[in-house]
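Before any comments, here is the structure.
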Amino acid sequence: MESLNLIGRKSLVTGGASGIGKAAAAMFVSLGASVVIADLDRDSADRAAADTGATGAVAGDVSNPVDAARIVDSAVAQMGGLDAVFHCAGIHRLGAAMEQDIETWQHVMDVNVRGTQLICSLAAKHMHPQGGGAMVVVTSIAGYNGQPRRSAYGTSKAAVAYLARCFATEWGQFGIRVNAIAPGYVLTPMAKSIIDSGATDANRIIGRTPLGRLAEPAEIARTAAFLLSDWASYITGAELFVDGGWAAYGGSAEVNTF
């Protein structure tokens with residue numbers, strides 16, 4: 068059996084300057100892909116490209132139509148095409164629903180939902196004429212079940228999950244597969260900042276997670292690589308929870324206290 072690989076895949080990774088996106092870029096390169104990293108800050112994107120061996124980098128705001136078009140067009144120009152997209156760009160804001168600043172709420176929607184719509188639809192326009200491609204978008208367990216102080220983030224990620232299903236059913240006829248990964252709590256710089264701020268208790272999360280630990284970015288990256296590879300050739304419209312069993316567990320106490 069042929070081993071899992073991404074040999075020759077021309078791949079765009081948004082949000083690729085750190086965390087899950089950077090881990091994915093490095094993994095895709097190790098599996099034979101060409102990669103262009105996109106991020107909001109050009110210097111950070113350039114450094115990540117150098118660190119991971121990516122083909123190049125591009126900067127832009129995924130929620131801005133002009134920037135989004137430049138990101139996709141630049142990736143196509145730098146690699147000579149586009150076969151795969153790992154859309155990881157996103158932001159997280161916490162806030163009690165009754166006090167939620169609506170401009171902050173809208174900003175989360177713009178980056179996470181509008182950005183997904185823009186990047187994926189623009190990428191699809193390149194993939195359609197060539198007869199196919201694959202995309203993976205990042206959702207969250209916060210978009211699956213209700214969580215306090217996440218009326219912006221959780222709602223946005225639920226919408227991204229719907230977009231993935233919508234894209235999959237609309238673009239399957241063109242050979243374009245679209246799937247979603249819903250991570251649990253991952254030890255990214257963003258998650259660490261939330262834990263360090265005291266907004267989240269890591270020990271409580273670990274206690275409620277059946278596997279008893281937080282995820283490493285590489286574990287999410289491996290899942291993305293699988294879904295973008297030919298090993299997942301008949302998978303589209305799926306949302307795969309990579310959360311250590313968090314979403315499956317419905318108990319009221321720590322999972323390992325029974």
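Each residue of the sequence shown is one higher than the last, beginning at 68 in my numbering.
Note that the Cβ used here is the ideal one computed from N, Cα and C, for glycine as well.
Query                                                                                                                                                                      : Result
For Ile104, which three-state DSSP category applies?                                                                                                                       : strand
Considering Arg271, what are the terminal residues of the alpha helix (DSSP H) in which it resides?                                                                        : Ala269 to Arg275
Are there three or more Cβ pairs, one per stretch, closer than 8 Å when the stretch 252-271 is compared with the stretch 105-120?                                          : no
Would you mind reading off the limits of the alpha helix (DSSP H) that contains Arg109?                                                                                    : Arg109 to Thr119
Would you identify the three-state DSSP class for Thr303, choosing helix, strand or coil?                                                                                  : coil
Assign Gly182 to one of three DSSP states: helix, strand, or coil.                                                                                                         : helix
What did DSSP end up calling His154 once you bin it into helix, strand or coil?                                                                                            : strand
Use the C-beta contact count for Ile248: other C-beta atoms within 10 angstroms, 16 or more gives buried, fewer gives exposed.                                             : buried
Three-state secondary structure (DSSP) at Val322?                                                                                                                          : helix
Enumerate, from N- to C-terminal direction, the unbroken alpha helix (DSSP H) stretches of 4 or more residues contained entirely within the stretch 165-249.               : 169-176, 182-197 and 220-238
Is the beta carbon of Ala163 sitting closer than 8 Å to the one on Arg216?                                                                                                 : yes
In the DSSP assignment, the alpha helix (DSSP H) including Leu79 goes from what residue to what residue?                                                                   : No alpha helix (DSSP H) contains Leu79, which is instead part of the beta strand (DSSP E) from Lys77 to Thr81.
Cys187 and Val204 - do their beta-carbons sit closer together than 8 Å?                                                                                                    : yes
Please report the Cβ distance between Leu294 and Ile287, rounded to the nearest whole angstrom; I am assuming they are in contact, meaning their Cβ atoms lie under 8 Å.   : The Cβ separation is near 11 Å, so there is no contact.
Identify whether Val129 lies in helix, strand or coil by the three-state DSSP scheme.                                                                                      : coil
Taking Cβ to Cβ, would you say Leu85 is nearer than 8 Å to Pro196?                                                                                                         : The sequence shown places Ser at residue 85, not Leu. No. Outside cutoff.
Kindly confirm or deny that the stretch 69-77 and the stretch 134-141 touch, where touching means at least three C-beta pairs closer than 8 Å.                             : no
Start and end of the alpha helix (DSSP H) containing Ser260?                                                                                                               : Pro256 to Ser264
Distance check for Ala228 and Ser78, CA to CA, integer angstroms please.                                                                                                   : 21 Å
Is Gly251 helix, strand or coil by DSSP?                                                                                                                                   : coil
Excluding the 5 residues preceding and the 5 following Arg289 in the sequence, name in chain order all residues of the same chain whose CB lies nearer than 7 Å to its CB. : Met94
Would you call Gly198 buried or exposed, if buried means 16 or more other Cβ atoms sit within 10 Å of its Cβ?                                                              : exposed
Is DSSP giving Ala163 helix, strand or coil here?                                                                                                                          : coil
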